[in-house]
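Okay, structure first, notes after.
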Amino acid sequence: MATLLPRFRRLTPLVLLPMLSGCGMVVLDPAGDVARQQGDLIVISTVLMLLIIVPVMALTIFFAWRYRAANKQATYKPDWDHSTQLELVIWAAPLLIIICLGAVTWVATHLLDPYRPLARTAPGQAVAAEARPLDVQVVALDWKWLFIYPEQGVAAVNELVVPVDRPLRFRISSSSVMNSFYIPALAGQIYAMPGMETKLHGVFNETGSFTGFSANYSGAGFSNMRFAVKSMSQAGFEQWVAEAKRAPGGDLDRLAYLQLEKPSEKEPVRRFAAVEPQLFDAVVNMCVEPGKMCMHDMMSIDAAGGAGIAGIGNVRDLSYDKFAARGSTDIARWSMRYVAALCSSPIMSNDRPDATPVDLAPLTGAGLKRPAAPPPPAQTALNAPAAASRPLS
24 MATLLPRFRR LTPLVLLPML SGCGMVVLDP AGDVARQQGD LIVISTVLML LIIVPVMALT
84 IFFAWRYRAA NKQATYKPDW DHSTQLELVI WAAPLLIIIC LGAVTWVATH LLDPYRPLAR
144 TAPGQAVAAE ARPLDVQVVA LDWKWLFIYP EQGVAAVNEL VVPVDRPLRF RISSSSVMNS
204 FYIPALAGQI YAMPGMETKL HGVFNETGSF TGFSANYSGA GFSNMRFAVK SMSQAGFEQW
264 VAEAKRAPGG DLDRLAYLQL EKPSEKEPVR RFAAVEPQLF DAVVNMCVEP GKMCMHDMMS
324 IDAAGGAGIA GIGNVRDLSY DKFAARGSTD IARWSMRYVA ALCSSPIMSN DRPDATPVDL
384 APLTGAGLKR PAAPPPPAQT ALNAPAAASR PLS
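Under this note's numbering, the first residue of the sequence shown is numbered 24, with each subsequent residue one higher.
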C-alpha cells in the first residue's frame, strides 16, 4: 500500500483537474510530512469512494443501453421485484466502504491531531528524544499576521521563516476576531481565537517559498491577509535571525504592539529586533494594556470567591480601542472599561498610550471613603481617676 500511494498521489491531480481547475495542487503535493499524510488521506478516501461511484455510473450506462426499448433480445420480466443476491451486493459493498473510511479517518484523526507533538519528520525518520522543536508564537491581527520567536528574541509581521527538517510548534491566538491559520504546504488549518490559545505541529521537508493565509472571513481586509513562508537550511535561518536582530523596526514592547494591533491592510514585511518577554501570554490573557488585569488572574480571584466589595470599583477607562476592535459599543460605558490589575505598579499604570495618570482612588471600593486613622479616646470623668490612680511602672 505504501508503494502505491506515491503513484496515486501523482495521478489524482490529473483525475481531479477538471473539478479543481481553479485550485492549486499544493494540498496533494506539499512540502511537509504532516500535510503529505493529510494528502494521502484525501487520496485514499477518494479511491475508496470511487470503488462505488465508478461501478454505479458504469452500470447505469450499461442497463440503459442493455434494456432500451429497441433491444428486443433483452430479457423482459415485468413481475420481477426482488433478488437476495443483488440486495447483498447493493448493501454489503457500500457498508464495507464506510467501514474502511471510518477506520482510516479515525486513525488519521488521532495521528494527525494538531496538538500532538510530531513523532517523525519524514517517513522512516523518527524525531530524536533530545530534539527540541522550534517555538513560534502566532497572533492574528486585523489584517496581518505577527510571528514571535521567543527562543531567538525576534518577531516579524507577515513573514514566517523556519528551518527545514526541524519540528515546529506553533502557539496561536488572535487579537480581536476569529481567524484561521493555514499553510497548505505545511499542515492543516487551525483557528486563531481571541482570549484562547490553539496549537499546531508541523515540519518542512523541502526548502522553498510558500504562502500562508487566513481561511476564515474576518472583515474588510480578509482577502489581503496573507503572509510569506520561507523554509531554509539551519544556516540560512540563523542568518535571517541575525538580520532580524539588526532590523530598523525597533523593539516590540507592549506599546508598540498596541499600535501594531490597530486595523490596517496590505502591511509590508516588518521585523523587530527584540520582543518584550511574556508578550504573547499577555495577548492570550487579553492584558497587553498596561495596568489591565489578566484573565488568568481574574479567574484565580473568581475561583477563590471574588475580591469582595472592594473589587466593584476596580475598573479603568480604555483609551486605544474606543472606536475599533474591543470596546466599540457604548452601552453604559461598561464595554469601554476593563478590570485593573491589583498589583500593577504606579509606574506601569502611568505608562499608558495616552500618558494619563491613573487615579487609584476607586480601587478602595465602590463609593467608599478612604479609611482614616481612628481618633484618640476622649478623657471623661469616669476614666480620669482610674488613670490617675494607676501606679507608675
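Every residue, glycine too, gets a C-beta built ideally from N, C-alpha and C.
Residue i versus the options, residue with shortest Cα-Cα distance
i	options	result
Arg277	Phe295, Lys253, Leu302, Ala116	Leu302
Ala297	Ala363, Val177, Gln262	Val177
Ile113	Pro78, Pro140, Phe86	Pro78
Phe236	Ala208, Pro217, Met219, Cys317	Ala208
Glu266	Gly242, Ser246, Arg293	Arg293
Ile335	Asp104, Ala364, Lys222	Ala364
Glu290	Thr128, Ala179, Gly225	Ala179
Gly273	Phe295, Ser254, Pro286, Gln257	Phe295
Cys317	Leu135, Met255, Met219	Met219
Leu141	Val338, Ile121, Arg192	Arg192
Val127	Thr230, Leu64, Thr234, Leu118	Leu64
Ala424	Gln160, Arg249, Ala54	Given a span of 24 to 416 for the chain in the structure shown, any question on residue 424 remains unanswerable.
Gln2	Val66, Val70, Ile206, Lys268	In the structure as shown, the chain begins at 24 and stops at 416. Residue 2 is therefore absent and cannot be evaluated.
Ala305	Asp104, Leu51, Val162	Val162
Asp418	Pro173, Gly147, Trp168	A query on residue 418 cannot be resolved here, the shown segment of the chain reaching from 24 to 416 and no further.
Ala131	Met255, Val66, His105	Val66
Trp168	Tyr205, Gly147, Leu111, Gln148	Tyr205
Thr107	Pro101, Lys100, Ala115	Ala115
Inter-residue Cα distance where the pair is residue i and residue j
i	j	result
Tyr280	Met322	25 Å
Ala330	Ile324	6 Å
Asp320	Ser199	20 Å
Glu182	Leu275	15 Å
Gln60	Ile76	24 Å
Phe245	Met201	11 Å
Gly388	Ala327	With a pLDDT of 45 at Gly388, under the threshold of 50, the predicted position of this residue should be treated as unreliable, though the coordinate-derived value follows. Straight-line Cα distance between these residues: approximately 19 Å.
Phe227	Val187	5 Å
Thr98	Trp88	13 Å
Ala57	Leu135	Checking the sequence shown, residue 57 turns out to be Val, not Ala. Using only the alpha carbons, I get a separation of about 7 Å.
Lys345	Pro313	Confidence in Lys345 is poor, its pLDDT being 43 and thus under 50, which makes the residue's placement too unreliable to answer from.
Asp377	Lys315	Caution applies to Asp377, whose pLDDT of 42 falls short of 50 and renders its modelled position unreliable; the value that the coordinates give is listed next. Approximately 14 Å between the Cα atoms of the pair.
Pro385	Cys310	Per-residue confidence for Pro385 stands at a pLDDT of 48, beneath the threshold of 50, marking its modelled position as unreliable; no derived number is given.
Val49	Phe85	37 Å
Leu223	Ile213	7 Å
Val264	Ala215	25 Å
Lys95	Trp103	18 Å
Leu109	Ser68	25 Å
Pro271	Phe170	17 Å
Ile332	Glu153	51 Å
Ser342	Ala258	Caution is warranted here: a pLDDT of 48 is assigned to Ser342, below 50, making its placement in the model unreliable, and no coordinate value can be reported.
Gln148	His105	55 Å
Pro101	His133	52 Å
Pro117	Leu111	10 Å
Met80	Trp129	29 Å
Minimum Cβ-Cβ distance from residue i to chain C less than 8 Å
i	result
Gln60	Looking for chain C here will not work: only one protein chain is present.
Range of the contiguous alpha helix (DSSP H) that encloses residue i
i	result
Ala419	Past the edges of the chain, shown from 24 to 416, lies residue 419, and the structure says nothing about it.
Arg89	56-89
Phe250	From DSSP, Phe250 is part of no alpha helix (DSSP H) but of the beta strand (DSSP E) over 249-255.
Asp131	A small correction: the amino acid at residue 131 is Ala; Asp does not occupy that position in the sequence shown. Segment 107-134, the alpha helix (DSSP H) holding Ala131.
Span of the beta strand (DSSP E), counted from its first residue to its last, around residue i
i	result
Asp158	157-164
Phe236	231-237
Lys167	167-172
Arg294	293-295
Val177	177-180
Pair within 8 Å by beta-carbon distance, residue i and residue j
i	j	result
Glu299	Trp166	no
Ser196	Asn239	no
Lys285	Val184	no
Pro156	Gly211	no
Gln160	Arg194	yes
Arg139	Val150	no
Leu283	Leu164	yes
Ala251	Thr234	yes
Leu82	Ile120	no
Asn337	Val362	yes
Leu51	Gly62	yes
Met248	Ser241	yes
Closer than 7 Å: residue i CB and nearest the ligand SAH heavy atom
i	result
Gln96	Summarising the ligand content, the structure contains no ligands, and the ligand SAH is consequently not present.
Could you name each continuous beta strand (DSSP E) segment of 3 residues or more that falls completely within the region 186-221, going from the start of the chain to the end? With a minimum length of 3 residues, the continuous beta strand (DSSP E) runs that stay inside the region 186-221 are 191-197, 202-206, 210-215.
Complete runs of the beta strand (DSSP E) confined to the region 273-322 [at least 3 residues]: Counting only runs of 3 or more, we get 293-295.
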